[in-house]
Amino acid sequence: MEGEFHPEYGPKWSDQRVERLLGALVVFVVGLLLAMIAVVVARAWPSFAHNGLAWFGAGGDVDDQLNAISLSGQNGLDYVWTFHAWPLIWSTILITGGAVVCGLVSALFVSVFIVEFAPTWMSNVLQPVVRFLASVPSVIYGLLGVLVLVPFIGNHLVTEPEKASVAGVISLTGYSLLAAVIVLTIMIAPLMVSIFSDGLRAVKPGWVEGSLALGVNRWRTTWKIAVRAARPAIVAGTVLAVARAIGESVMLAMISGSVGFPPNPADGLIFIYEPSRPLAPTIVKNVDQLSSKPANATLFAIAAVLLFSAALCSLAGWIARRAMRKYGAA
Amino acid sequence: MESLSAPPPIRRLDPQDPPPAREVGPGATTNGNGGAAPARGGFTAAKRRVAAPRFSIRRMEVDEVSIHYGAKAAVKGVSLPIRQGEVLALIGPSGCGKTTLLRSLNRLTELTAAARLSGSIRLDDVDIRLIEPTLLRRRVTMVFQQPNPFPMSVFDNIAYVLREQGSRRTKKKALAPRVHSALQRAGLFEEVKDNLSHPALKLSGGQQQRLCIARALAAEPEVLLLDEPCSALDPQSTAVIEDLIVKLRDDVAVVIVTHNLQQAYRIADHVAFMYLGDLVEYNSATRLFNAPAEERTREYVSGAFG
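The listed protein sequences correspond, in order, to chains F and U.
In this note's numbering, each residue's number is its place in the first sequence (first place is 1) plus 20.
In this note's numbering, each residue's number is its place in the second sequence (first place is 1) plus 1.
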């Protein structure tokens, strides 16, 4: 029967063609994703297998280990697998976490201002500006960080006694956790603002008006009704921002200091001036040493960890949004 | 009360006839106007279900109020009293300014930047422009056309109002009695008492609107504004809410905007007919519908326009 043409009703399967085409596309995309995950995990496996759980632990200088790994296997040397990624993981947690917390707070206030309080002309101006900021290539932020922020921190914020206090361990030059968090915040906040303000705009006007009509003032109504109803959008925006922050590599390679050093909160507040290097920039830095088999596996292992964190983050966001849907927040 | 003893006889629908009067709930009573004969202008009203008010106290005074949106006048020099113990209905064709007038009573029109109000509105002889808006809106609360329960549980919808009013004891247990009493006043408690943590948006439309009324009552208002509260609801829910409005009139002054003339006739004690921003006629409901003083009123209530 398929393909049979009826003069009045048209071909029977005209809609099914679209269905099948789109279905095939979906299968293709999902297949590509699964293949990618499979390749990354398979290539990463030797590194995890040789180190066990110690892969995630601390121990030794991670830069020395990376060096040894990339030199091994060449000129008849034995393979070296020992790799303890804790300094890189710790740096990722600090920089991403710091930037996401700062970004979340500032983006929330900015989007509430843009949507609820700014005069119309101002939000009309701010909205495209924010969208533009969200799309600025990260290398530009990196350049500004290196040329402006890092020298400023190194010359004006870090004092000589502070530099001396950790002199034997690490040198404080301005390439620091602080610089990385600030620039990363500036990078991800516009993304969050743009998603948050879309969410706030989508809140049913009736809810806001209803709250105002009950004698609740604008400020309280905004936080208790509008922001509350926009929570799913806030979660979605935060998840995207976290994913972008975890994966950011070029900019962080430029200003984090690119040292496999775990900033130590035990040093007191100056630990925010200490340099480090997160996971993603580590891949960028070592990408020219892929000829060695252990180095290859180690970089893929880092990639697998990044992939897993991003997936975990999406999953957490999904669960959070599901929980919020109970009361019908859009 | 004999009307409740037997079910009403089954009627065949006749397009020439007005819809039959509905008897709803034990609170429904009829007064002397019950079963009104077709009026002079051809307005054939449903039965009045409302007894004459037992008392009436002047609470609000609208005095020569004009409201402009930019150059357009939405309300032109309207004066009328709002009394506790009575239900006041604002009727008129769409765009005649009745909703604008209603919203100006608790200064909600101020949310529209272009709106300008002249004349004065007084609540207990105090100009409402002198009352801080949030305080005013607690004394004069509003229920909207579309039920707008917040995306929270039934309990939290009411508790929100209490918490935001600065109630110190914000624990659930401490708020429960006041939440329950608000739900009872709105006639919703029996239906939701077993599941107060149920999402409010999953209630039926009529229940949602009664929840909104309960929310408005939780603020302990002196005046309750209703903006076509039944227009999104089915007849059953409408009847329940009409009963509720009549019951409330002794405790709060009720102002209701409605497109439904039958409804105005059923529940209102005074009716104001507005046309193109003008107050054409303010009169008692029986007089306005059965013997209107103005030609335009007569034409409107008999269905000649609008």
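Idealized CB from N, CA, C, for every residue including glycine.
- When Cβ-Cβ separations below 8 Å define contact, L198 of chain F makes no contact with chain U.
- Not flagged as an interface residue toward chain F: A233 of chain U, since no C-beta distance is shorter than 8 Å.
- The beta carbons of M143 of chain U and A201 of chain U sit about 18 Å from each other, so the pair does not count as a contact at 8 Å.
- Taking each of F:T102, F:E39, F:S334 and F:L42 in turn and checking the Cα distance to P66 of chain F, the smallest one comes out for F:T102.
- Interface with chain U (8 Å Cβ-Cβ cutoff): G80 of chain F is excluded.
- For A250 of chain F, the secondary structure class from DSSP, reduced to helix, strand or coil, is coil.
- Residue pairing of D128 of chain U in beta bridges, as defined by DSSP: U:R123.
- Scanning its chain for C-beta atoms nearer than 6 Å, with the 5 sequence neighbours on each side dropped, one finds around A265 of chain U the residues A90, I92, T259 and V272, in chain order.
- Secondary structure note for E229 of chain F: its alpha helix (DSSP H) is the uninterrupted segment P225 to L232.
- Cβ atoms of L234 of chain U and Q210 of chain U come within 8 Å of each other, at about 6 Å.
- P82 of chain U is positioned such that its CB atom lies closer than 8 Å to that of R59 of chain U.
- Looking only at U:I132, U:C97, U:K73 and U:I129, the smallest Cα-Cα distance to A115 of chain U is reached by U:K73.
- Distance from the CA atom of R297 of chain U to the CA atom of V281 of chain U, rounded to whole angstroms, is 8 Å.
- Here A269 of chain U has V88, A90 and A286 as same chain residues with Cβ atoms under 6 Å from its own Cβ, once five neighbours each way along the sequence are excluded.
- The three-state reading of DSSP puts A292 of chain U in coil, since its state is none of H, G, I, E or B.
- For the 8 Å CB-CB criterion, A249 of chain F and V223 of chain F form a contact.
- R342 of chain F sits exposed, since fewer than 16 C-beta atoms from the chains shown fall within 10 Å of its C-beta.
- Here S191 of chain F is exposed: its Cβ has fewer than 16 other Cβ atoms, across all protein chains shown, within 10 Å.
- The Cβ neighbour count for H104 of chain F, taken over all protein chains shown within 10 Å, is at least 16; the residue is labelled buried.
- With a cutoff of 8 Å on beta-carbon distance, L197 of chain U and V155 of chain U are scored as near each other.
- Ranked by Cα distance from I113 of chain F, the options F:V156, F:M142 and F:N284 are led by F:N284.
- The three-state reading of DSSP puts Q85 of chain U in strand, counting E and B together.
- The Cβ atoms of G277 of chain F and S196 of chain F sit closer than 8 Å to each other.
- Of all residues in the region 190–206 of chain U, only P200, A201, L202 and K203 place a beta-carbon less than 8 Å from a beta-carbon of chain F.
- Of all residues in the region 129–147 of chain U, only T135, L136, R138, R139, T142, M143, F145 and Q147 place a beta-carbon less than 7 Å from a beta-carbon of chain F.
- When 7 Å is used as the limit between beta carbons, V162 of chain U is near these residues of chain F: L234, in chain order.
- Relative to Q147 of chain U, the option among U:C213, U:D244, U:H181 and U:G71 whose CA is nearest is U:C213.
- Counting along the chain, the unbroken alpha helix (DSSP H) around I339 of chain F starts and ends at K313 to M344.
- For G79 of chain F, the secondary structure class from DSSP, reduced to helix, strand or coil, is coil.
- Here R139 of chain U has Q166, A220, E221 and P222 as same chain residues with Cβ atoms under 8 Å from its own Cβ, once five neighbours each way along the sequence are excluded.
- For S217 of chain F, the closest of F:E136, F:G93, F:Q85 and F:L153 by C-alpha to C-alpha distance is F:E136.
- In the structure shown, the three-state DSSP call for M207 of chain F is helix.
- One thing to note: V178 of chain F has its Cβ no nearer than 8 Å to the Cβ of V270 of chain F.
- L109 of chain U and E65 of chain U have their alpha carbons spaced roughly 18 Å apart.
- If you check each beta-carbon in the region 227–251 of chain U against every beta-carbon of chain F, none falls closer than 9 Å.
- Listed by position along chain F, the residues whose Cβ is nearer than 7 Å to that of R216 of chain U are L234.
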